[in-house]
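Working notes for the structure below.
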Amino acid sequence: MYGFRLYLFCVLWYINYVLYYGSCVFRCLEFFDMNSDVCTCEKGFDFGKPVHELDKFAYFGNDLGAVYSKEKTVFTLWSPAALSVKVKLYATGSDNEAGAGVLAELPMEKTQDNVWRLEYAGDHKNEYYTYIITHKDKTVETVDIYAKAGGVNGNRGMIVDLPSTDPEGWDKDNYIFMPSPTDAIVWEVHVKDFSHCASSGISEKNRGKYLAFCEHSTLYGEGIVPTCVDYLKNLGITHVQINPFYDFGSIDESKNDDSFNWGYDPKNYNIPEGSYSTNPYDGNVRITECKQMIKALHDAGIGVIMDVVYNHTYQGGGSFFDLSVPGYYYRYNRDGSWSNGSGCSNDTASEHLMFRKFMVDSVLYWAKEYHIDGFRFDLMGLHDAHTMNLIRQTLDKEFGKDNIILYGEGWHMGTACARDTQLANQGAVRSMHGVGAFNDNIRDAIKGSVFGAYDKGFVQCGAGAERIKSGILGETCSWAGEASQCVNYASCHDNYALYDKLILSERGGAGYSERFDNLVSMIKLSAAVVLTSRGIPFFLAGEEIARTKFGDENSYCSSAKINEIDWENTGHYADLILYYQGLIRLRKRLDALRGSNEVSDKSNLRFIDNAMPCVTYVVDFEQDGINGHIFVALNPCDYDVRINLADTGLDKNTKWIAVANKHSAGTAPLMAISELALVENKSALVLIDEAAYKAIFKK
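Counting in the numbering used here, the final residue of the sequence shown is number 700, and the numbers go up one at a time with none missing.
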């Protein structure tokens, strides 16, 4: 009977397998003319085996899109199923502008390498264009998926002279590269959140815009308390992760209003979002101002990590991808419906060679043209691991090994792909060198599950201590191959802001606008966990000023008022800012806290288990020829705890210097301690042995 059940299972599995592939292939074959079998491949990279019928017609040249010169513009489009293609040229980016009109409609020719091409003689800089594609059963007009500039709302591409968009000094702009990804300290922000509030001190015309990052600003413009980029310089973070700033579909760029969206609905991947520019109608302006933002951050010594969303698009049917090559760029269920692992009704197919190529090309383009220092991949677990590895290899070849930071959301998600596809989730991280993932383990351990508003974690009640330990090790005892692959955090744009989560779990949701010192102590403890753990520390903009969204758990399309950073909180929570600043300084000075591969080989971290419910550990380290010890105790209790330092296993006469406690943190000595350490309630205590402290901090 068991054998029959096994046989039946195998038969049903095979039928499902055939039905799945049949539906995917049929969707493209109904448009497809099987006349060519040419496939070119770029040398040096393994793009993988074909997994889709159209993959045999893949094209790997580097000239897709509109390539401009004063003498001519060359248009190149991959659409092997098309019967004919034309380029349609416009004077403006929309029909609602002065001088709008069609300039020309020109036929393209299909080449032997499966692309459509047109060489258009003359200088056509700043003309707008679309493709008119005739498929077997319909004719459509679409934007070039490789367009690098566009008109208002991204409904037409634009022929762009990219060097002319460079701001002054762009040729001298420098990337912010780190010796190790674990040296990065990441602050996540949305372009509009950053400066929308009047308290930012940013000029009214630039609030919520790219150019806000270029202003030197103070609270309400009073010239005393720094805000925005000047504030970030003082805070000490090394990178900002900026929520999507490619062109997205949910905001009407023609309306200069308070419309708000996070931007996780990509429309044109290689064009900056126009609503953040001062003129969304001119395709050049958004490019220049986006570059100005990046340069201003670089000038402040701050790197830029771009939040990218290749796992789904603003639309499925009707997207520029599906209009260009129907049925190819997405995944489909066995019944022919769109795969929806993303929750956005369309999952892209990174395992298909031409979408894989698109992802690689797009990331490389942003890194080179916009000087992007790193990329955060939304729902990375929906992509295949081979594509992520190829992106890593491509960036390494161009910029050096691991210089561009890569990480993403490695959640395990269901999606309609081939059964042998290795998805880029946490389970695959060990096979993706130089690609990290967010650590939801430590996130939920710190303050309770994101799936329960009133759920509590370590900082509230001491729950989750073992998961805290796993995070302190950078999850190298779990899913990460090395600590540099682990992004540790307590809050991000998703789910509740940290202060809101504490208000809910401790006060039932009462008092979002008020300060509660016991909750501030919990935030300090949370910061201590993240900033003393191995890996890449990450926190939501404003976490360090008790930012609230007034209990809004999913503010992706809420008002700008709900989402904005209220810079007045820099005064109300000055002690909290100083605590974050101090922990950041401490982390930067102590290599052993960061846990790079090189440092991990030279240090030994061991937990002290007889101090429960505190999480307590010692790191024996070597730094610049100096041997030393770091003692960390994290006390989630409502009462003080005394720890016998003899339990560290070190000489009982070892003298210690406190550099962080409940009230202060930094590199300055707070007090000398020996034998017995007092760890106050809801606090962290960080000690360094006296000899090592003097050698490292008195240089």
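A virtual CB, placed ideally from N, CA and C, is assigned to each residue, including glycine.
Endpoints, the alpha helix (DSSP H) within which Y500 is located
Start and end: 499-508.
- Give the range of the beta strand (DSSP E) segment to which R118 is assigned. First-last of the beta strand (DSSP E) with R118: 117-122.
| field | Boundaries of the beta strand (DSSP E) in which L541 is found, first to last residue | value | Looking at the DSSP string, the run of the beta strand (DSSP E) that includes L541 is 537-541.
### Query
Roughly how many angstroms lie between the CA atoms of G512 and D641, to the nearest whole one?
Cα-Cα distance, rounded: 27 Å.
**Prompt:** Ordered along the chain, which non-local residues of its own chain (more than five positions away) have a Cβ less than 8 Å from that of T571?
**Reply:** The answer, listed in chain order, is L220, V226, T228, Y232, I546, I578.
With distances taken Cα to Cα, identify the nearest neighbour of N244 among W263, G123, E98, S255.
Nearest option by C-alpha distance: W263.
E410 versus N312, S320, A593, N605, residue with shortest Cα-Cα distance:
For E410, the nearest C-alpha among the options comes from N312.
Which whole-angstrom value describes the C-beta separation of K292 and P168, a residue pair presumed to lie in contact below a C-beta threshold of 8 Å?
Contact between K292 and P168 holds, since their C-beta atoms are separated by about 5 Å, short of 8 Å.
**Message:** Once the 5 residues before and after V68 are set aside, which same chain residues still bring their CB inside 6 Å of it?
**Reply:** Once the five neighbours on either side are set aside, the close Cβ partners of V68 are V75.
Notebook entry, point to check: Taking 8 Å as the CB-CB cut-off, is D610 touching chain B?
Noted result: This model lacks chain B altogether, as it is built from one protein chain only.
*Burial state of M307, where buried means 16 or more other Cβ atoms lie within 10 Å*: Buried, because 16 or more other Cβ atoms sit within 10 Å of the Cβ of M307.
* To do: Please determine, among S559, F376, M381, N269, the residue with the shortest C-alpha to C-alpha distance to S260.
  => Considering only alpha carbons, the answer is S559.
### Query
What is the C-beta distance between V660 and L587, in whole angstroms, given that I count them as a contact (C-beta under 8 Å)?
Correct: roughly 6 Å between the Cβ atoms.
Give me the Cα-Cα distance between T239 and Y330, rounded to the nearest whole angstrom. Take the alpha-carbon of T239 and the one of Y330: they are about 36 Å apart.
What is the DSSP secondary structure of P164, reduced to helix, strand or coil? P164: helix per DSSP, three-state reduction.
Opening and closing residue of the alpha helix (DSSP H) in which G304 lies: It is not in any alpha helix (DSSP H) - G304 instead sits in the beta strand (DSSP E) that spans 304-309.
- Query: DSSP three-state call for F622: helix, strand or coil?
  - Reply: Three-state result, F622: strand.
*asked:* If distances are taken between C-alpha atoms only, which option among K210, A185, K206, T183 comes closest to V192?
replied: Looking at the Cα atoms, K210 is the closest of the given residues.
Original post:
Is it the case that the Cβ atoms of F147 and N271 are separated by a distance below 8 Å?
Top reply: For clarity, residue 147 is Tyr in the given sequence; the question names Phe instead. Y147 places its beta carbon less than 8 Å from that of N271.
K629 lies in the beta strand (DSSP E); which residues open and close that run?
Reading off the sequence shown, one finds Gly at residue 629, where the question assumed Lys. Per DSSP, G629 belongs to the beta strand (DSSP E) from 627-636.
| said: By DSSP's criteria, P670 is part of a beta bridge. Which residues make up the other side? | reply: The partner list for P670 (beta bridge, DSSP) is empty, contrary to what the question assumes.
Would you list the one or two residues that DSSP bridges to C487? Partner residues in the beta bridge of C487, as assigned by DSSP, are A438.
Bridge partners - A67, DSSP secondary structure assignment: A67 is bridged to F76.
Practice item. Could you name the residues of the same chain whose beta carbon sits closer than 6 Å to that of T533, not counting the 5 residues immediately before and after it, in chain order? Key: Beyond the five residues adjoining it in sequence on each side, T533 comes within less than 6 Å, by CB distance, of L594, V633 in the same chain, given in chain order.
- By DSSP, does R607 sit in helix, in strand, or in coil? Strand, per DSSP.
> Given I160, which residues of its chain have a CB within under 7 Å of its CB, disregarding the five upstream and five downstream residues?
Replying inline: The answer, listed in chain order, is A67, Y69, T74, H125, K126, N127, E128, Y130.
- [ ] Determine the extent of the beta strand (DSSP E) in which Y694 is found, giving its start and end residues.
- [x] Unbroken run through Y694 is the alpha helix (DSSP H), 691-698; no beta strand (DSSP E).
Check: Hey, A386 and A350: beta-carbon distance below 8 Å or not?
Finding: It is not a contact, given that the beta carbons lie outside the stated cut-off.
Among N156, M360, K663, S165, which one has its Cα closest to the Cα of S522?
Selected option, being the one with the closest Cα: K663.
Fill in: Bridge partner(s) assigned by DSSP for Q242
DSSP lists E189, I306 as partners of Q242.
**Asked** Between the beta-carbon of L298 and the beta-carbon of F214, is there less than 8 Å?
**Response** Taking 8 Å as the Cβ cut-off, L298 and F214 qualify as a contacting pair.
ask   = So D648 packs on I609, CB below 8 Å; how close in whole Å?
value = 5 Å between Cβ atoms; contact.
If I measure Cβ to Cβ from D501 and keep anything under 7 Å in the same chain, skipping five residues before and after, which residues do I get? Correct list, in chain order: Y513, T549, K550, G552.
Exercise for the section: Can you say whether K699 is buried or exposed, counting buried as having 16 or more other CB atoms within 10 angstroms of its CB? Expected result: Classification for K699: exposed.
- Determine the DSSP secondary structure at L520, reduced to helix, strand or coil. In the structure shown, the three-state DSSP call for L520 is helix.
Q) For G536 versus C487, is the C-beta spacing smaller than 8 Å? A) For G536 and C487, yes; Cβs fall inside 8 Å.
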